[in-house]
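Enquirer:
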Amino acid sequence: MTTKAPADIRPNRKGWLKPYLAGTWQLYAMMLIPIAYIICFKYLPMKGIIIAFKKYVPFGGRSMWEMDWVGLQWFQEAFRDSLFWKSLANTLILNLGDLLFGFPFPIFLAIFLNELRSNKVRKTTQLALYLPNFLSWVIIAGISQQVFATGGLVNNVVTALGGEAVPFLSNTTWWRFVYWFMGIWQSAGYSLIIYLAALMSNDPSLSEAAYIDGATRLQRIWHVTVPQIMPTISTLLIMQVGKVVSISFDRPFMMRNALVTDAAEVISTFVYNKGLAGGRFDYAAAVGLFQSVVGIVLILIANHASKKMGQEGII
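Every number in the numbering used here is 9 more than the matching position in the sequence shown, counting from 1.
1. Near I60, what residues of its chain come up, given a Cβ to Cβ distance below 7 Å and the 5 sequence neighbours on each side ignored?
2. Does the beta-carbon distance from L245 to S315 come in below 9 Å?
3. I'd like to confirm the pairing. Which residues does DSSP put opposite W78 in its beta bridges?
4. Ordered along the chain, which non-local residues of its own chain (more than five positions away) have a Cβ less than 8 Å from that of S153?
5. At 4 residues or longer, what runs of the alpha helix (DSSP H) sit wholly inside the stretch 88 to 156?
6. Which first and last residues belong to the alpha helix (DSSP H) in which A294 is found?
7. Report the rounded CA-to-CA distance for E86 versus I42, giving the unit in angstroms.
8. So, T168 versus A174, is the Cβ gap smaller than 9 Å?
9. Quick check: the Cα distance between S91 and N211, rounded to an integer number of angstroms?
10. Between W184 and Q300, what straight-line distance do the alpha-carbon atoms span, to the nearest angstrom?
11. So the candidates are K63, G287, L138, W231; which of them puts its Cα closest to the Cα of A197?
12. Compare the C-alpha of K252 against each of L53, E217, N104 and name the closest.
13. Would you mind working out which of A158, N142, V166, N99 sits nearest T270, comparing C-alpha positions?
14. With respect to the alpha helix (DSSP H) encompassing Q327, which residues constitute its N-terminal and C-terminal limits?
15. Using a Cβ-Cβ cutoff of less than 8 Å, which residues in the same chain neighbour P67 once the five nearest sequence positions on both sides are dropped?
16. If you reduce the DSSP assignment to three classes, tell me which class I323 lands in.
17. Three or more C-beta pairs closer than 8 Å, one from the stretch 201 to 220 and one from the stretch 111 to 123: is that the case here?
18. In terms of residue numbering, what span does the alpha helix (DSSP H) encompassing M264 cover?
19. Using only the alpha-carbon positions, how far apart do A150 and F112 sit?
20. Have a look at F262 and A273 and give me their C-alpha separation to the nearest angstrom.
21. Which residue wins for smallest C-alpha separation from E75, given the options G57, L81, F88?
22. Where does N164 sit, in a helix, a strand or coil, going by DSSP?
23. Cα-Cα, which of I323, S255, Q195, N123 is closest to N142?
24. Where does M73 fall in DSSP's three states?
25. Can you tell me the Cα-Cα spacing of H313 and P240, whole angstroms?
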């Protein structure tokens, strides 16, 4: 007895694009603006990297393609500059402090808020923590002056209790702790929303099963809740590690003062003072390219380490 071959039941894929776009073209239209922004302000400026290898004169009458090549001269000059290495060391110290103190804080905070039973308290706390994200570092630097200066709020309380005023803003060590504290206060709310969104997607049945098995709340958090948000944690950690040698300009520039210059001179202010303020755009481009290359290498290393530990990574 011969059996009849089954008919091809695969759907016909011809002409699928038009009906697909009929229901989704609005989403693609919304993507046009961010894609245009990325192309215009992220990819097209990459051609300016070439000035890191040329003697660039902004008003020389020639385009950057016609200017003389200098090879690695600007990189060699930067590597011979002791101020560059000092700025790099300060950048690493401040960024590693942000990573050590600032990265875990929103994770703990998100888990704490997720365990609260009162939605009103949770939403109020979340709003209060997210509001500082809208403040510029000019305002935050002014707040830090009012709170941590010699005659500020904290020192007034300390002296009123019989203690001595603490040099928060004039001692380099104390200034770093103020820098990290204000950074946590400003950015924790944004990361908190990401972790809360990740916690909302957790499977509650796993926690209920652990509760039935006799697990305490702390055990359920450590063995059930945290592993479910570990992909989000690893992704954000990889991105944070990639920024270890890069630092924003406004935060250290606005929070520093003449007494803590040794600790507050970072790569971004070094590039501003040496490169942009002095009109040496080629030198500034070389230092910026160095930061980008090192950042990419760190991301690849962190991504590889994340995969070795069982996480998906970002690449």
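Think of the CB as a built atom: it goes at the ideal place given N, C-alpha and C, for glycine as much as any other residue.
Expert: Looking at the atomic coordinates:
1. M73, F290, D291, A294
2. no
3. K63
4. L178, V187, M191, M264
5. 91 to 106, 113 to 124, 128 to 139
6. 290 to 317
7. 40 Å
8. yes
9. 50 Å
10. 25 Å
11. L138
12. N104
13. N99
14. Residue 327 is absent from the model: the chain starts at 10 and stops at 324.
15. G288, F290
16. coil
17. yes
18. 259 to 264
19. 21 Å
20. 8 Å
21. G57
22. helix
23. Q195
24. coil
25. 14 Å
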